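Asks:
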Amino acid sequence: MRTYDHRVSLVNTGCDLLISYEHAIRDLRMDITAPDGRDKEQLSSFIRGLAVIEIFSERRRRLSITEVAEAASTTKATARRILRSLVASGYADFDGHTFSLTPRVLRLGYAYLSSQTIIQLAEPVLRELRSKSGLSATMSVLDGEEIVIVARAPTNQLLTIRSDIGSRLPAFCTSMGRAMLSSLPDAEIERIIRSERTKPLAPKTETDPKLLTEIVKEIQRRGYSLVDQEIERGLISMAMPVRNARVGRCYAVCVSAHTSQMNAKDLPKKALNYLREAVRTLDTAS
Numbered sequence: 001m002r003t004y005d006h007r008v009s010l011v012n013t014g015c016d017l018l019i020s021y022e023h024a025i026r027d028l029r030m031d032i033t034a035p036d037g038r039d040k041e042q043l044s045s046f047i048r049g050l051a052v053i054e055i056f057s058e059r060r061r062r063l064s065i066t067e068v069a070e071a072a073s074t075t076k077a078t079a080r081r082i083l084r085s086l087v088a089s090g091y092a093d094f095d096g097h098t099f100s101l102t103p104r105v106l107r108l109g110y111a112y113l114s115s116q117t118i119i120q121l122a123e124p125v126l127r128e129l130r131s132k133s134g135l136s137a138t139m140s141v142l143d144g145e146e147i148v149i150v151a152r153a154p155t156n157q158l159l160t161i162r163s164d165i166g167s168r169l170p171a172f173c174t175s176m177g178r179a180m181l182s183s184l185p186d187a188e189i190e191r192i193i194r195s196e197r198t199k200p201l202a203p204k205t206e207t208d209p210k211l212l213t214e215i216v217k218e219i220q221r222r223g224y225s226l227v228d229q230e231i232e233r234g235l236i237s238m239a240m241p242v243r244n245a246r247v248g249r250c251y252a253v254c255v256s257a258h259t260s261q262m263n264a265k266d267l268p269k270k271a272l273n274y275l276r277e278a279v280r281t282l283d284t285a286s
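Residues 1 to 286 (full-length UniProt numbering) are what the sequence shown spells out, left to right.
1. Between residue 147 and residue 174, which are expected to be in contact by the criterion C-beta below 8 angstroms, what is the C-beta distance as a whole number of angstroms?
2. With DSSP as the reference, label residue 176 as helix, strand or coil.
3. Check whether the Cβ atoms of residue 260 and residue 237 sit closer than 8 angstroms, and answer yes or no.
4. Please list, in chain order, all residues of the same chain as residue 227 whose beta carbon is under 6 angstroms from its beta carbon, the five residues on each side excluded.
5. Excluding five sequence neighbours on each side, which residues of the same chain lie with their C-beta closer than 7 angstroms to the C-beta of residue 98?
6. Compare the C-alpha of residue 154 against each of 188, 130, 169 and name the closest.
7. How would you call residue 170, buried or exposed, if buried means at least 16 neighbouring beta carbons within 10 angstroms?
8. Does the distance from the C-beta atom of residue 307 to that of residue 282 stay below 8 angstroms?
9. From residue 222 to residue 206, what does the alpha carbon distance come to, in whole angstroms?
10. Use the C-beta contact count for residue 230: other C-beta atoms within 10 angstroms, 16 or more gives buried, fewer gives exposed.
11. If you follow the alpha helix (DSSP H) that residue 274 is in, where does it begin and where does it stop?
12. Out of curiosity, what's the CA-to-CA distance linking residue 89 and residue 106?
13. Would you report the Cα separation of residue 48 and residue 249, rounded to the nearest angstrom?
14. From the DSSP output, in three-state form, read off residue 56 for me.
15. Could you give the DSSP three-state label for residue 230: helix, strand or coil?
16. If you scan the UniProt domain "HTH iclR-type" (43-103) from start to end, which runs of the beta strand (DSSP E) of 3 or more residues do you find wholly inside it?
17. Could you name the residues that DSSP lists as bridge partners for residue 254?
18. Please list, in chain order, all residues of the same chain as residue 183 whose beta carbon is under 8 angstroms from its beta carbon, the five residues on each side excluded.
19. Mind checking who residue 169 pairs with in its DSSP beta bridge?
20. If you draw a straight line from the C-alpha of residue 69 to the C-alpha of residue 75, how long is it?
21. Measure the C-alpha to C-alpha separation of residue 52 and residue 120 and round it to an integer number of angstroms.
22. To the nearest angstrom, report how far apart residue 57 and residue 194 are at their CA atoms.
23. Return the first residue and the last residue of the alpha helix (DSSP H) that residue 120 is part of.
24. The alpha helix (DSSP H) that contains residue 187, what's its start and end?
This is how it looks when you write it as structure tokens:
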């Protein structure tokens with residue numbers, strides 16, 4: 001499991017609303033079409049700079065030129081040029097030995113989040129869902145074969161799984177991931193299910209492609225997904241996809257609990273109606 005720990009808090013409430021740098025960077029890449037000649041070279045340098053920014057994390061806050069070159073699979077000369085450009089533009093700092101990111105990088109997160117109305121609207125919806133159900137409420141977006149947590153309203157329940165904003169989890173074994181898979185074409189579902197990322201995270205993680213396909217088909221029929229300790233021992237969750245045509249991306253909302261609170265089979269009885277109400281609100285948001 002990968003997590004990307006550079007996050008920016010945009011609201012100081014019980015439901016933190018933040019954005020993963022990598023998610024913003026990927027969107028920037030998708031939205032740019034490279035022309036020929038000099039502009040194409042400049043665009044290539046720009047994308048390389050973003051790739052270098054992605055390398056920094058909570059565990060790698062300060063890096064040398066050699067470390068950046070190795071992580072980016074490039075030469076030291078190229079890494080040095082990119083890092084110097086980041087320093088010159090205010091996105092990185094150099095202490096004479098190593099480089100680190102500066103707060104200016106937060107602008108990437110602000111730019112992305114300010115354009116995503118659905119994420120901003122999710123905050124009060126998740127808080128209300130938590131209040132009514134008594135369970136942690138989370139929203140994520142599908143990013144390739146993984147989900148990225150973009151908003152949450154946590155409770156005080158003790159879970160070891162990383163659920164910070166910007167955290168990433170495989171789509172195939174999470175309730176939100178499976179809920180979003182149920183909205184995709186069959187070919188895309190098959191591709192993700194048979195991905196090399198389909199590896200067990202816990203003793204109960206289902207990895208058989210045939211069974212996973214059947215699970216997704218069942219979600220399509222009943223409208224929600226239910227995961228029983230497939231991410232970590234003791235964690236149960238239930239999710240529904242957000243079907244908002246104006247969003248243009250796959251989102252999902254889930255509620256989660258610990259088996260010390262209830263069994264997985266009891267989760268729909270306790271919270272399905274509240275979850276449906278929350279998702280219905282986001283489905284019609286504009």
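No residue lacks a Cβ here, since even glycine has one placed at the ideal position from N, Cα and C. These figures come from a predicted structure and were not determined experimentally.
Replies: According to the data block:
1. The residue given as residue 147 occupies position 147 in the sequence shown. The residue given as residue 174 occupies position 174 in the sequence shown. At roughly 6 angstroms, the Cβ-Cβ gap stays under 8 angstroms, so residue 147 and residue 174 are in contact.
2. Numbered from its first residue, the sequence shown carries residue 176 at position 176. Reduced to three states, the DSSP call for residue 176 is helix.
3. For this step, residue 260 is matched to residue 260 along the sequence shown. For this step, residue 237 is matched to residue 237 along the sequence shown. Result no, Cβ atoms of residue 260 and residue 237 do not sit closer than 8 angstroms.
4. Taking the sequence shown and counting its residues from 1, one reaches residue 227 at position 227. Hits under 6 angstroms: 175, 237.
5. For the purposes of this step, residue 98 is identified with residue 98 of the sequence shown, where counting begins at 1. Excluding sequence neighbours, residue 98 sits near 62, 63, 64.
6. For the purposes of this step, residue 154 is identified with residue 154 of the sequence shown, where counting begins at 1. For residue 154, the closest alpha carbon among the candidates 188, 130, 169 is that of 130.
7. Stepping through the sequence shown from its first residue, residue 170 is reached at position 170. Under the 10 Å beta carbon count, residue 170 is surrounded by 16 or more other beta carbons and is classified as buried.
8. This structure gives no information on residue 307, because the portion of the chain shown stretches from 1 to 286.
9. Position 222 of the sequence shown, counting from 1, holds the residue named residue 222. Position 206 of the sequence shown, counting from 1, holds the residue named residue 206. Those two C-alpha atoms are separated by around 19 angstroms.
10. Translated into the one-based positions of the sequence shown, residue 230 becomes position 230. That one is buried.
11. Along the sequence shown, read from residue 1 onward, the residue named residue 274 stands at position 274. Looking at the DSSP string, the run of the alpha helix (DSSP H) that includes residue 274 is 267-283.
12. On the sequence shown, residue 89 is found 89 positions in, with the first residue counted as 1. On the sequence shown, residue 106 is found 106 positions in, with the first residue counted as 1. So the two alpha carbons sit approximately 14 angstroms from each other.
13. Position 48 of the sequence shown holds residue 48. Position 249 of the sequence shown holds residue 249. If you take the alpha carbons of residue 48 and residue 249, they lie about 25 angstroms apart.
14. Position 56 of the sequence shown holds residue 56. Residue 56 falls in the coil class under three-state DSSP.
15. Position 230 of the sequence shown, counting from 1, holds the residue named residue 230. Here residue 230 sits in coil by DSSP.
16. Those beta strand (DSSP E) runs which fall completely within the UniProt domain "HTH iclR-type" (43-103) and span 3+ residues are 92-94, 99-101.
17. Locating residue 254 in the sequence shown gives position 254, where the first residue counts as 1. 138, 239, per the DSSP bridge assignment.
18. Locating residue 183 in the sequence shown gives position 183, counting from the first residue. Leaving aside the five residues that flank residue 183 on each side, the residues in its chain whose CB is nearer than 8 angstroms to its CB run, in chain order, 241, 243, 250.
19. Locating residue 169 in the sequence shown gives position 169, where the first residue counts as 1. 147.
20. As a first step, residue 69 must be located in the sequence shown, where it is residue number 69. As a first step, residue 75 must be located in the sequence shown, where it is residue number 75. So the two alpha carbons sit approximately 6 angstroms from each other.
21. Walking along the sequence shown from the start, residue 52 turns up at place 52. Walking along the sequence shown from the start, residue 120 turns up at place 120. Their Cα atoms are separated by approximately 28 angstroms.
22. Locating residue 57 in the sequence shown gives position 57, where the first residue counts as 1. Locating residue 194 in the sequence shown gives position 194, where the first residue counts as 1. In a straight line, the C-alpha of residue 57 is about 29 angstroms away from that of residue 194.
23. Numbered from its first residue, the sequence shown carries residue 120 at position 120. Per DSSP, residue 120 is one residue of the alpha helix (DSSP H) stretching across 117-133.
24. Translated into the one-based positions of the sequence shown, residue 187 becomes position 187. Residue 187: member of the alpha helix (DSSP H) spanning 186-193, first to last residue.
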